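Written below as structure tokens is the structure these notes are about.
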Amino acid sequence: MIMSARRLSTGRRLFWVGLASVVLTLVFFFGGFLGGNSLGAETAMGVLLGGLVLSVITSLTALVLGVAGIVAFPSLRGRYVLVLVLAVVCSPLLWLLLLALFS
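Residue numbers (the UniProt record's numbering): 1 to 103.
Have a look at this one:
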């Protein structure tokens, strides 16, 4: 009984870490664009690239946590599907691909 409660607690913590990774993805992505637009040319490019790289890393982290949560915690599968869907929808690689296709 104690192991089950502890495992469920770990699953909930992992869910919140995955959700925080999705939020950080958005913060880094939009922060890179907004912060880069308010600076000089060379600094703006550095901030933009830094924000993009960090947002890709956090997006992939959320994706991995979503898949790991689906596999490891079947009782919390719905939550991890949400993390997985949000990680894919908020992925900067997907957004940049769509921008390249439609421009």
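The beta carbon of each residue, even a glycine, is placed where N, CA and C say it ideally should be.
Model, not experiment: these values are computed from the prediction.
CA-to-CA distance, Gly36 to Val85, given in whole angstroms: Reading the sequence shown from its first residue, position 85 is the one you call residue 85. Reading the sequence shown from its first residue, position 36 is the one you call residue 36. Each residue's Cα considered, the two are about 28 Å apart.
CB contact below 9 Å: Leu54 versus chain C: Reference to chain C is not applicable here, since this structure consists of a single protein chain.
Tyr80 versus Gly31 - alpha carbon distance: Taking the sequence shown and counting its residues from 1, one reaches residue 80 at position 80. Taking the sequence shown and counting its residues from 1, one reaches residue 31 at position 31. Rounded to the nearest angstrom, the two C-alpha atoms are 26 Å apart.
Exposed unless 16 or more other CB atoms sit within 10 angstroms - verdict on residue 105: A question about residue 105 goes unanswered here, because the residues of the chain that appear run from 1 up to 103.
Complete runs of the beta strand (DSSP E) confined to the region 34–65 [at least 3 residues]: Listed in chain order, there is nothing to give.
Start and end residues, alpha helix (DSSP H) containing Phe73: Counting from one through the sequence shown, the residue named residue 73 turns up at place 73. Note, Phe73: premise wrong, no alpha helix (DSSP H); not H, not E.
Beta-carbon proximity of Gly18 to Ala87, cut-off 9 Å: In the sequence shown, the residue the question calls residue 18 occupies position 18. In the sequence shown, the residue the question calls residue 87 occupies position 87. Their beta carbons are under 9 Å apart, which means Gly18 touches Ala87 by this criterion.
The region 69–77 in contact with the region 35–49 per 3-pair CB rule at 8 Å: They do not touch, by the three-pair rule.
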